[in-house]
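Asker: I have a structure here, written as structure tokens, and I will follow up with some questions on it.
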Amino acid sequence: MKHRAGLLLFALTTGLLMMLTALFLARSVTRAIAAPIPPPEGYPKLSISMMTVSPTLANVGGARLEYVIEIINTGAYTAGEVILTNVVPTNTVYNNDALASSGADPIFAAGTLSWTGEIGFDNRVAVSYSVNVLPAFEGVVKNTAVITQAQITRPVTVSAETVVTDDPILELAKISSPAKPGPNKPLTYQLSVTNVGQPAAGLPITVTDPVPANTTLSDVGPDGSADAADSIVTWSRSLSLSTGAATVFTFTVTVDDVVSGTVLENANYNLSSELGIVDGTPYTTTVIDPILYISKSTLPDPAGSNRTMTYTISVLNLGSLATNLVITDVVPPDVDYLSGGSFDGTSVSWTLPKLDTNEVAQVSFVVSINDIAGVFIANESYQVCSAEGVCALGSALNSLILGPTFEAAAALDPVAKKPGGGTGPVTPTLTVHNLGPGSALAATAKLSFGRISVNLSDLIAIPDRGTFSSGPGCGENCKSYLWVGDIAAGETITFTTLEGQSTIGGDEGNIYSATITITDTLGLTNTLPVRAEADGHVTHLSNLIPSKTAPLEIAAGQVMTYQMTVYNSGLSTDVPPYPTVTDTIPLSTTLVEVGPGGEVFTVANRTAVSFTLPALGPGESMSQWFSVRVDPGLVSGTLIVNDDYRSRWFNLEGTGVYSSNTGVPFTTTVKEIGLIDSFKTVSPTLLMPGIGNELTYTIHVVNSSPMPLQGVVVNDLMPWQHSTYSRDAVASAGQIISDIVSLSWIGDVGAYSEELITFTLGVDDFFEGPLTNTATITHSTLMTNVVVQAVAYITDDPVLKITKTASPDPVVMGKELLYTIYVANLGQQATGLVVTDTVPSGVVYIAGSASSGGVLAGGLLRWEVPVLTVGETRTFTFRVKVNDNRPIVNELYQASCAEGVFDWGEPVVTEVIVPYNGMFLPIINRFAGNR
Numbered sequence: 001m002k003h004r005a006g007l008l009l010f011a012l013t014t015g016l017l018m019m020l021t022a023l024f025l026a027r028s029v030t031r032a033i034a035a036p037i038p039p040p041e042g043y044p045k046l047s048i049s050m051m052t053v054s055p056t057l058a059n060v061g062g063a064r065l066e067y068v069i070e071i072i073n074t075g076a077y078t079a080g081e082v083i084l085t086n087v088v089p090t091n092t093v094y095n096n097d098a099l100a101s102s103g104a105d106p107i108f109a110a111g112t113l114s115w116t117g118e119i120g121f122d123n124r125v126a127v128s129y130s131v132n133v134l135p136a137f138e139g140v141v142k143n144t145a146v147i148t149q150a151q152i153t154r155p156v157t158v159s160a161e162t163v164v165t166d167d168p169i170l171e172l173a174k175i176s177s178p179a180k181p182g183p184n185k186p187l188t189y190q191l192s193v194t195n196v197g198q199p200a201a202g203l204p205i206t207v208t209d210p211v212p213a214n215t216t217l218s219d220v221g222p223d224g225s226a227d228a229a230d231s232i233v234t235w236s237r238s239l240s241l242s243t244g245a246a247t248v249f250t251f252t253v254t255v256d257d258v259v260s261g262t263v264l265e266n267a268n269y270n271l272s273s274e275l276g277i278v279d280g281t282p283y284t285t286t287v288i289d290p291i292l293y294i295s296k297s298t299l300p301d302p303a304g305s306n307r308t309m310t311y312t313i314s315v316l317n318l319g320s321l322a323t324n325l326v327i328t329d330v331v332p333p334d335v336d337y338l339s340g341g342s343f344d345g346t347s348v349s350w351t352l353p354k355l356d357t358n359e360v361a362q363v364s365f366v367v368s369i370n371d372i373a374g375v376f377i378a379n380e381s382y383q384v385c386s387a388e389g390v391c392a393l394g395s396a397l398n399s400l401i402l403g404p405t406f407e408a409a410a411a412l413d414p415v416a417k418k419p420g421g422g423t424g425p426v427t428p429t430l431t432v433h434n435l436g437p438g439s440a441l442a443a444t445a446k447l448s449f450g451r452i453s454v455n456l457s458d459l460i461a462i463p464d465r466g467t468f469s470s471g472p473g474c475g476e477n478c479k480s481y482l483w484v485g486d487i488a489a490g491e492t493i494t495f496t497t498l499e500g501q502s503t504i505g506g507d508e509g510n511i512y513s514a515t516i517t518i519t520d521t522l523g524l525t526n527t528l529p530v531r532a533e534a535d536g537h538v539t540h541l542s543n544l545i546p547s548k549t550a551p552l553e554i555a556a557g558q559v560m561t562y563q564m565t566v567y568n569s570g571l572s573t574d575v576p577p578y579p580t581v582t583d584t585i586p587l588s589t590t591l592v593e594v595g596p597g598g599e600v601f602t603v604a605n606r607t608a609v610s611f612t613l614p615a616l617g618p619g620e621s622m623s624q625w626f627s628v629r630v631d632p633g634l635v636s637g638t639l640i641v642n643d644d645y646r647s648r649w650f651n652l653e654g655t656g657v658y659s660s661n662t663g664v665p666f667t668t669t670v671k672e673i674g675l676i677d678s679f680k681t682v683s684p685t686l687l688m689p690g691i692g693n694e695l696t697y698t699i700h701v702v703n704s705s706p707m708p709l710q711g712v713v714v715n716d717l718m719p720w721q722h723s724t725y726s727r728d729a730v731a732s733a734g735q736i737i738s739d740i741v742s743l744s745w746i747g748d749v750g751a752y753s754e755e756l757i758t759f760t761l762g763v764d765d766f767f768e769g770p771l772t773n774t775a776t777i778t779h780s781t782l783m784t785n786v787v788v789q790a791v792a793y794i795t796d797d798p799v800l801k802i803t804k805t806a807s808p809d810p811v812v813m814g815k816e817l818l819y820t821i822y823v824a825n826l827g828q829q830a831t832g833l834v835v836t837d838t839v840p841s842g843v844v845y846i847a848g849s850a851s852s853g854g855v856l857a858g859g860l861l862r863w864e865v866p867v868l869t870v871g872e873t874r875t876f877t878f879r880v881k882v883n884d885n886r887p888i889v890n891e892l893y894q895a896s897c898a899e900g901v902f903d904w905g906e907p908v909v910t911e912v913i914v915p916y917n918g919m920f921l922p923i924i925n926r927f928a929g930n931r
């Protein structure tokens, strides 16, 4: 095995190691140097110790057999007081020549060879000796030794065999296919003859096999024939086989029309030759009908009104081959069939020629949903039947249909104008965006204009659709209009006028406005009205509002840029003097660069920047920028608060003095970046238990920061308890040293780059379970070490993982909360998946909100899925309304499958915000005087 061969590196001398090290460092790919690393706490591991014998095939006449027993310690500790006990095999004579590569030589007494000694960490001891086979003996010489040590869980048994003969030795075995035969289906038997003795040349043999009861012979392979009653098959062949070679014989039967569960027995088959008769081991196979499962899903989920929806039907066969399958589905009411399958006006159908064991087939059809919302479409009449008479009915799938979700926006240009009704036109712009999932047919938008002289003929819709009409009264100096038209999911409709409109009245302080309210009627349901309003002011003053953007997170030592924007919500600025925006550089930073026209000065021992702005008209804005470097020594979590920036302008027509607005503080959090983005992968991620399994791990040492990092260290402790490192690690740069249980790498990682470390592990034979490999990355820039892991699953069962999220978090009391459950299968195929979730206290389940056909019964939500394939993840959602002010704790949810595998989810806690019903008064930020 590869990982055993890798252990031979221990035989290298010190001088050779130094030479190899120099060669490795001269190459672009760095390979591991076998060097001592202090072993972690652990215990010895002797499980890959082995015995070899030479030769494995010998002639009669007193052959000499040479044995080597290698006691190999791949554990994380020295093995003291190791005891090897080897009873010299019968029919042999010990040659009194036993040697040990370390410690005292073995002792031979009373037919038993024994050795006691120490096996160092990452070391081995070889015990060798020879025997002579008795001259007259013919047969198998089997030698077995037992290795014991106080700290290992069980004795380790090693053995080796030699076949002693002058003749061929033939073995007879049988298999059949398919593994799950069905009634009235073909079944092929394959007999194999293997030579484990001396080579055979022209040896006549005869193989005989009775045709099993409850079957009918249909075909015989080469060199075979049947008797007159087709009850016995016989093959005659001249056999020439080298040692270890095999030849096969086949015949095919048709299984009778028997009941599922019938056992076909095939016991009396044999091989005859001049060497004698070899009887085959009794062989049975069980006849089984197809076992069909059918399920259904929809896309999108939830579906939307006036849109298409795709039904996908999945059929799984866990039994024998199914043929000529017919899938039918009755199209539910409230939808219209569009495409997919064959439609007869009521049902959709598909025909599949076959579905083999463990295969999944999927078919789909598309429907259009009517102008409805808040109702369920029940699809409950669908099934699959095969020519074998096996049928499966699908569970009902209820799909909640949702209507459109509107967003509205309003804007006025300009947002301010001088007193006097005729002192400048105003252009209103009102928009509606449909977020979906439903589309709106004949939605109604009410457009209201306060103190803006808008006539019906002035209004346009972009894109041009729908109709305008006069609307209801909306008060003094106000006009309203109605628009009726379609808005598809994802579409935006804009309402405006081609030209600016005059305002009505122009006294100081008057407000002119544009308002839009949108709603839609779907069947018996109306969407909640969504409203947006924009206000403009009649004033002779300007009003400059500063705002700011910057990264929300930054690493210590990195450069970040602040972008300041000044927006004029009032009348045009009076110039000169021109408006300005100033900003005091926040603490824990150093100024690096200032945008065009910026000036740097000092205020109270603090660095500040200032920009002179051009004249700004109503609704206009201007942006400027500067960059700072974050102090390199800041710990993760430090807050950089920029709260001292302001706009300043001159109002000539008002007070004749300067005014000022202070911007809303902006906070950036210092966060570790760079090596924290490192990760580890493993391939494959899933294996069946067995012999010779290997895993390849790759550590990605990632530097996502703009600064190169020197002297990064990676330490990887192998999962040595259930695997053996193959001593084959390579790295894209840097230097690796390793021993049998751990690996250490040191190297440099450039800015915005990564280095790779790759190695393989040999999994212990027949180990079953998760195999987790963990590495730790350290560097002076890290506040805490970075730990990366990769998990491979060695199993013949499913591995279910269930997780959940809640949104929004926190949630406002009285509002809806969306739960999303994720179920992933990291193992083998899972069947009969059941997902359950207990609705937590403090909430009320919203009827019908469970996706994928989820059903509520007694406070428990339940979903059923026939199959979850390897690597597949399914998503399930439901909504609740929060009616309590305490945190919502959802902790009783799980996933299970027919294979007996369970997983329980971690609790999800959502904080609740209680809305405040008081009144807030605006604070107007105006400052007179020079600053």
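Heads up, the sequence shown is in our numbering, so the first residue is 1 and it goes up one at a time. Ideal placement from N, C-alpha and C gives every residue a C-beta, glycine not left out. From a predicted model like this one, the values you see are computed outputs, not experimental measurements.
1. What does DSSP give as the partner residues of residue 379 in its beta bridges?
2. If you reduce the DSSP assignment to three classes, tell me which class residue 610 lands in.
3. Kindly give me the distance between the Cβ atoms of residue 796 and residue 689, rounded to whole angstroms, as I take these residues to be in contact under 8 Å.
4. Can you give me the C-alpha to C-alpha distance between residue 772 and residue 685, rounded to a whole angstrom?
5. Whose C-alpha, out of 231, 350 and 490, is nearest the C-alpha of residue 403?
6. By DSSP's criteria, residue 204 is part of a beta bridge. Which residues make up the other side?
7. Mind the definition here: the stretch 792-812 touches the stretch 848-867 only if three or more C-beta pairs lie below 8 Å; say whether that holds.
8. What does DSSP give as the partner residue(s) for residue 139 in the beta ladder?
9. Check the DSSP bridge columns for residue 759 and list the partner residues they point to.
10. Leaving out five residues before and five after residue 284 in sequence, what residues of the same chain have Cβ atoms less than 6 Å from its Cβ?
11. Starting from residue 604 and walking both ways along the beta strand (DSSP E), at which residues does that stretch end?
12. I'd like the list of long-range same chain contacts for residue 258, defined as Cβ closer than 6 Å, with 5 residues on each side in sequence excluded.
13. Hey, how far is the Cα of residue 251 from the Cα of residue 341?
14. Do the stretch 215-235 and the stretch 141-152 meet, that is, are 3 or more Cβ pairs less than 8 Å apart?
15. Alpha carbon to alpha carbon, how far is residue 798 from residue 358? Give it in angstroms, no decimals.
16. For residue 537, list the residues DSSP reports as bridge partners.
17. Going by DSSP in three states, residue 903 sits in which element: helix, strand or coil?
18. If I'm right that residue 319 touches residue 180 with Cβ under 8 Å, what's the distance once you round it to whole angstroms?
19. Kindly give me the distance between the Cβ atoms of residue 828 and residue 870, rounded to whole angstroms, as I take these residues to be in contact under 8 Å.
20. Rounded to whole angstroms, what is the Cα-Cα separation between residue 537 and residue 304?
21. Work out the CA separation of residue 548 and residue 647 for me, nearest whole Å.
22. Starting from the Cα of residue 137, find the closest Cα among 89, 334, 279 and 346 and give me that residue.
23. Please work out which residues of its chain come closer than 8 Å, Cβ to Cβ, to residue 166, disregarding the five sequence neighbours upstream and downstream, and give them in chain order.
24. Between the C-alpha atoms of residue 206 and residue 253, what's the straight-line distance to the nearest angstrom?
25. Per the contact definition of three or more C-beta pairs closer than 8 Å, is the stretch 484-499 in contact with the stretch 443-451?
26. Could you spell out where the beta strand (DSSP E) holding residue 486 opens and where it closes?
27. Exposed or buried, what is residue 81 when buried is set at 16 or more other beta-carbons lying within 10 Å of its beta-carbon?
28. Which stretch, first to last residue, makes up the beta strand (DSSP E) that contains residue 251?
29. Report the option in 594, 606, 665 and 588 whose CA atom is closest to the CA atom of residue 635.
30. Can you tell which of 856, 629, 526 and 574 has the C-alpha that lies nearest to the C-alpha of residue 591?
31. Within 8 Å, do at least three Cβ pairs link the stretch 405-416 to the stretch 374-382?
32. Just list the residues that DSSP pairs residue 822 with in beta bridges.
33. Let's see if you can read the secondary structure: which residues bound the beta strand (DSSP E) around residue 789?
34. What would DSSP say about residue 616, mapped onto helix, strand or coil?
35. What is the DSSP secondary structure of residue 923, counted as helix, strand or coil?
36. Which first and last residues belong to the beta strand (DSSP E) in which residue 428 is found?
Answerer: Working from what's here:
1. 397
2. strand
3. 6 Å
4. 11 Å
5. 490
6. 238
7. no
8. 164
9. 697
10. 263 and 265
11. Here residue 604 belongs to no beta strand (DSSP E), and DSSP marks it neither H nor E.
12. 183, 214 and 287
13. 40 Å
14. no
15. 14 Å
16. 416 and 511
17. strand
18. 6 Å
19. 6 Å
20. 41 Å
21. 12 Å
22. 89
23. 59, 60, 138 and 198
24. 20 Å
25. yes
26. 478-487
27. exposed
28. 246-255
29. 588
30. 629
31. no
32. 803 and 875
33. 786-794
34. coil
35. With a pLDDT of only 34 at residue 923, under the threshold of 50, the placement of this residue in the model should not be trusted; the figure read from the coordinates follows. Reduced to three states, the DSSP call for residue 923 is coil.
36. 427-434
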